[in-house]
Amino acid sequence: MDTLNPLRFRDDLADLLRDHYGPPRDRPLHLKVGSQLAQTLASTLQNGYFEELLTAAIEADRQWCAPVPPDSPTSFSSLVDFTLRRAVQDPEEIPEIRIAWHTLLALHSTLGTGFALFASCMRSAARESGRVAATS
């Protein structure tokens with residue numbers, strides 16, 4: 158597990174969000190709140206599991222937006238849970254993940270259909286901060 162520097166992540170994320178969405182004063186409220194939630198998520202998982210949770214969320218969002226076969230989990234939270242369990246054994250036993258889980262759900266709900274692009278900025282910021290490996 159790598160560690161994440163929340164201050165460096167905050168700065169790198171701010172730069173990327175400025176590139177994609179313009180200056181903070183011109184952004185809609187949901188993007189401003191999303192930025193705060195992303196920083197909370199990074200602070201909560203600064204000692205590990207950020208990559209795993211973010212990767213699970215991005216994959217879950219892809220599946221959530223796609224047509225699903227019958228009897229498949231269809232809620233975003235179910236899809237994140239399923240995907241995260243492939244990377245982390247018993248994630249509910251890890252206090253940081255239990256806390257970050259709710260922040261992630263709030264982030265997804267706040268951003269709605271804009272989650273994928275925003276999460277991509279989060280991943281890039283984490284990479285620039287030296288936290289997440291360069292593989293997608």
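Heads up: the sequence shown begins at 158 in the working numbering, then just goes up one per residue.
No residue lacks a Cβ here, since even glycine has one placed at the ideal position from N, Cα and C.
Nothing here was measured: the structure is a model prediction, and the numbers come from that model.
Within a 10 Å sphere around the beta-carbon of Pro252 sit fewer than 16 other beta-carbons, which makes this residue exposed. The straight-line gap separating the alpha-carbon atoms of Gln246 and Ser234 is approximately 17 Å. Nearest in C-alpha terms to Gly271, of all of Leu174, Arg165 and Leu164, is Leu174. Thr197 and Glu216 have their alpha carbons spaced roughly 21 Å apart.
Sequence-distant partners of Asp168 (beyond 5 residues in either direction) whose C-beta falls short of 6 Å from its own C-beta are missing from its chain. Excluding five sequence positions before and after Pro163, the CB atoms of its chain that fall closer than 8 Å to its own CB belong to Gln196, Ala199, Ser200 and Gln203, given in chain order. DSSP, reduced to helix, strand and coil, places Val245 outside both helices and strands of the structure shown, so it counts as coil.
Between Leu241 and Leu210, the CB-CB gap stays under 8 Å. Between the alpha carbons of Asp238 and Leu262 lies a distance of about 11 Å. The shortest C-alpha to C-alpha distance from Val190 to any of Ala283, Ala282 and Phe275 is the one to Phe275.
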